[in-house]
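Residue numbers (UniProt numbering): 1 to 364.
In this text, a Cβ means the ideal position worked out from N, Cα and C, and glycines have one as well.
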Amino acid sequence: MMKRKLFISGILGLGVLCMAYSTDHGIAINPTPGGKKLKKIVLSQQFEFPGKVANDSADPQDEDITQAFEVGYNAANGIRLNPRAIQFVQDYMEKNGEDLRKMKGWAQPYFNMIDGVLKKYGLPEELKYLAVIESELKSTATSWAGAVGPWQLMPQTARDLGLRVNRNIDERKSYTKSTHAAAKYLRDLYREFNDWLLVIAAYNGGPANVYSAIRKSQGSRNFWKIQNYLPAETRMHVKKFIGTHYIFEGQGSVTTLTKAEVTEQLGVIATYLINRRLTTDELSNAKSMEVSGKYYSGAIVKNIMMDPAEFNRYNPDFDAIMGSNNNAYEIKLPADKMELFIANKYIILNESVQMLLSGATVVK
1 MMKRKLFISG ILGLGVLCMA YSTDHGIAIN PTPGGKKLKK IVLSQQFEFP
51 GKVANDSADP QDEDITQAFE VGYNAANGIR LNPRAIQFVQ DYMEKNGEDL
101 RKMKGWAQPY FNMIDGVLKK YGLPEELKYL AVIESELKST ATSWAGAVGP
151 WQLMPQTARD LGLRVNRNID ERKSYTKSTH AAAKYLRDLY REFNDWLLVI
201 AAYNGGPANV YSAIRKSQGS RNFWKIQNYL PAETRMHVKK FIGTHYIFEG
251 QGSVTTLTKA EVTEQLGVIA TYLINRRLTT DELSNAKSME VSGKYYSGAI
301 VKNIMMDPAE FNRYNPDFDA IMGSNNNAYE IKLPADKMEL FIANKYIILN
351 ESVQMLLSGA TVVK
C-alpha cells in the first residue's frame, strides 16, 4: 500500500520532544542547554573544493560546526553534493540547523537504538535521519492520512511488516518495533531500487509514484532527473533528508548520493561495501576459507550460481586483491555456496585462468 506521510513544514518545535520517554527502553530523555547559533556555511565553495570551508569570519562558538565540515570533506571522504541540491541544503541548514543541533544531545539514546537495528538489517545508520523528518522522533505523531509513529507507517503497511495495529494496540508507536518494521521496509525498497535517494522517495510517496516518474523521464533512475515528475512533497522530502544529514553529520554519505554518484565518487566496491552491509543473519550463515592463485569472480559466480552483486557484497575488492602480487584472500560465502565452491574449486580455478587470459576485466 502506498505510504503517505505527515506534512511537516520544516523541522520545528523540537522542544516538544525534550521530555519524551522511550517506552521500549525506559530511558528518560532530557534536553541539552540552549544550542549555539548555527553559522551559515558556504556550501557551494565547499562542495567544489572538498576539505575547504569559507569560514574566515567564523567566531569561536561555531568552531565545532566548521571543524565538522572540514573533517567531513577531507581526502578520506570527499563526497560531493549534487549542484542541484546545494541551494536547498544551504537554506535548509540556515533555517533548521539550530533546532536540529539541539537533538544531538537529547535524542542520542534514540539514535543509538536505531543505529543498532539498522546495522542488524545491513542498512546505513544515516537512515535514522528519515525518522527525524518523518515525525521529529515523536511516537504519537499522526498524519492526516493515518500514518502513525516515529516512522510514520500506514496501517496496512505496518501489518504487512509484522506490527499489530488494532483498536487496542498500535505497535507503530513503539520505538523499537516500528524501527524494525521500517528497517525491513527500507531493506525491501533498496532491493527494489538499488538507489538510496529513490528509496527515500518511495518511502515517502510510495513505489508507484517513483516508477511513474521513471517512466515519464524515459527510464531514468537518477533522482535529479526524475524529481520534477514526483509529487512536490516527495521531492522536498528527499532534499530535507539530505539537509538533515548534513546538519547532523557535517558531510554526505552513500544515502545522499544517487547510485551513479556513489560509483563515480566512491567506486564500485564501495557501492557494495557501504550500501549493502552483511546482516547479522548473513554473517552467522557465512563460511570462510583462504584461497590463493588466479581465481576470478566471474568464474566463481558462474559455478556457484551466485549473483555478482551478492558476491561483491561478501567479498569486496576480491578481483583487485587476487590480481595483485599478494594474491591471497579469505573468501566469504553463504554456507550452501561455499559447499559448491569447495566441490568445484579446481574447475573454477581453471576457468578463472582461461577468462583472465581471454581479457576478462579485473576490478581495481
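(1) Identify the residues that DSSP records as bridge partners of Val148: which are they?
(2) In three-state terms, what does DSSP make of Tyr329?
(3) Can you tell me where the alpha helix (DSSP H) holding Ser292 begins and where it ends?
(4) Nearest-angstrom Cα distance between Gly206 and Asp188?
(5) In chain order, which continuous runs of the alpha helix (DSSP H) of length 4 or greater are located wholly inside the region 143–223?
(6) Which ranges does the beta strand (DSSP E) cover as unbroken runs of at least 3 residues, wholly within the region 300–356, from first to last along the chain?
(7) With a threshold of 6 Å on Cβ separation, who are the neighbours of Lys216 within its own chain once the five nearest residues in sequence on each side are excluded?
(8) Residue range of the alpha helix (DSSP H) that Val89 falls in?
(9) Specify the secondary structure class of residue 378 as computed by DSSP and reduced to three states.
(10) Report yes if the CB atom of Gln227 is closer than 8 Å to the CB atom of Arg221, and no otherwise.
(11) Reducing DSSP to helix, strand and coil, say where Ser297 ends up.
(12) What's the gap between the Cα of His245 and the Cα of Gly293?
(13) In three-state DSSP terms, what is Gln227?
(14) Whose C-beta lies closer than 7 Å to the C-beta of Val238 among residues of the same chain, with five residues either side of it excluded?
(15) Quick check on DSSP: helix, strand or coil for Gly359?
Once the coordinates are examined:
(1) Thr142, Leu153
(2) In the structure shown, the three-state DSSP call for Tyr329 is strand.
(3) For Ser292, there is no enclosing alpha helix (DSSP H); the residue is found in the beta strand (DSSP E) stretching over 286–292.
(4) Looking at the backbone, the Cα of Gly206 and that of Asp188 are separated by about 12 Å.
(5) As far as the region 143–223 is concerned, its whole alpha helix (DSSP H) runs of at least 4 residues are 155–160, 175–193, 196–205, 207–216.
(6) 328–334
(7) Tyr229
(8) 83–106
(9) Outside the displayed span of the chain (1 to 364) sits residue 378, for which this structure offers no information.
(10) no
(11) Three-state DSSP puts Ser297 in a helix.
(12) Spanning the two alpha carbons is a distance of roughly 43 Å.
(13) helix
(14) Leu197, Ile200, Ala201, Phe223
(15) coil
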